[in-house]
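Numbering (this note's numbering), first residue to last: 4 to 258. Take a look at the structure set out below.
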DNA sequence: ATGTCACCTGGTAGGTGA
C-alpha cells in the first residue's frame, strides 16, 4: 500500500492540484494539512467523486487536516485526546489495518516566542499519546508537516539556520524522542538525493534556488519497517502554477 | 540585497501567520 502526506496551504485553492495528484498517484491514503476550511466548507463531494473516502477536521482561516483513503478509515480521532487545544491539527484513522496519524505540527514562529512554548507543550502531548497509540496499534504511521528539520542535512544552509525555528536543539530533541518511541524516518531508510527538501519558502525565489528544508516526514513503526519499499518527495507539484509551498511525501509498504 | 501567498476585516488597504 502507498501512503502520502501533503501540506496544501489552503485546500480551497489547491483542491484541483490534489485531485490531479491523486489521479497520477492513486495512493491508499493521503493526509492533508493546512486545509484552512471550516468543516461546513470542506469539499467532501468532489473528493468522493474522485474515488476517495474522507474524514476532515478544520477551523476558520488556519490549520485544518484531512484523511483521504480508498477504503473508509475506521475509528477516526480528531486532535490529541486529553490535550486542550483550540487548533485543528491532527486526524487519525485505521486504513487497511494500519493506524494512520496525520499531523500539522505547530510552526513555533521563533524560539523566544509564546508560540514556541506552545509547540513544546504540543510535542510533549503528542509523544505521550503516540506512545499509547503504538501499544494499541503496532502497525502505525505518523506523518505530516512536523515543522522540524531533524538534522543539518535537512537544511539548505545549516549555518544560517542554526538555532532558528525548525532547527533548534529543543525541536530536534523532540523529533528524536518521537523516533525513540519505536518509529523510523522512512525517508532515511533509503539512499536519497542530496539537498532533498519538502518545503521551500515562497519568498526569495527559494524553489528556483533549491533553498529549502525537509520538515514533512513519514515515521513508521518498527512492526512496519520491514515492509517499507520506498519513500520519496515528489517535487513536481511545487512546479505547478500557484503551488503549495510544500511538496508531497510518499511511502510504499509491501503487502 | 531583494524577491510570497492566503486569509481576515473592512473596505478598495493593512494586518497576521507561515
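Every residue, glycine too, gets a C-beta built ideally from N, C-alpha and C.
#### Entry: Uninterrupted beta strand (DSSP E) stretches inside the stretch 160 to 226 (no shorter than 3 residues)
Scanning the stretch 160 to 226 for uninterrupted beta strand (DSSP E) segments of 3 residues or longer gives 186 to 188, 219 to 224, listed from N- to C-terminal end.
### Query
For residue 223 versus residue 184, is the C-beta distance shorter than 8 Å?
no
### Message
Helix, strand or coil, according to DSSP, for residue 65 in the structure here?
### Response
coil
### Query
In chain order, what residues of the same chain have a beta carbon less than 8 Å from the beta carbon of residue 56, not counting five sequence neighbours either side?
71, 72, 73, 74, 75, 76
### Query
In chain order, what residues of the same chain have a beta carbon less than 8 Å from the beta carbon of residue 179, not counting five sequence neighbours either side?
153
### Exposed unless 16 or more other CB atoms sit within 10 angstroms - verdict on residue 10
buried
### Inter-residue spacing [alpha-carbon to alpha-carbon] between residue 84 and residue 135
Roughly 11 Å between the two C-alpha positions.
### Query
By how many angstroms is the C-alpha of residue 205 removed from the C-alpha of residue 96?
32 Å
### Query
Can the beta-carbon of residue 221 be found closer than 8 Å to that of residue 252?
yes
### Message
Classify residue 116: buried if its beta carbon has 16 or more other beta carbons within 10 angstroms, exposed otherwise.
### Response
exposed
### Message
Strictly by DSSP, which residues pair up with residue 9?
### Response
35
### Task
Could you check if residue 189 is buried or exposed, using at least 16 other CB atoms within 10 Å of its CB as the buried criterion?
It is buried - the Cβ of residue 189 has at least 16 other Cβ atoms within 10 Å.
### Query
Of all the options 93, 215, 15, which has the alpha carbon lying nearest to the alpha carbon of residue 170?
That would be 215, whose Cα lies nearest to the Cα of residue 170.
#### Entry: DSSP three-state assignment for residue 121, whether helix, strand or coil
helix
### Query
So which of 247, 257, 256 has the shortest CA-CA distance to residue 39?
Nearest of 247, 257, 256 to residue 39, Cα basis: 247.
### Query
Relative to the C-alpha of residue 177, which residue among 130, 157, 197 is closest?
130
### Query
Between residue 127 and residue 118, is the Cβ-Cβ spacing less than 8 Å?
no
### Query
Quick one: complete alpha helix (DSSP H) runs, 4+ long, within the stretch 40 to 64?
47 to 52
### Message
Tell me the residue span of the beta strand (DSSP E) that contains residue 158.
### Response
Note, residue 158: premise wrong, no beta strand (DSSP E); not H, not E.
### Query
Span of the beta strand (DSSP E) holding residue 22?
Counting along the chain, residue 22 falls outside any beta strand (DSSP E), though it belongs to the alpha helix (DSSP H) covering 14 to 27.
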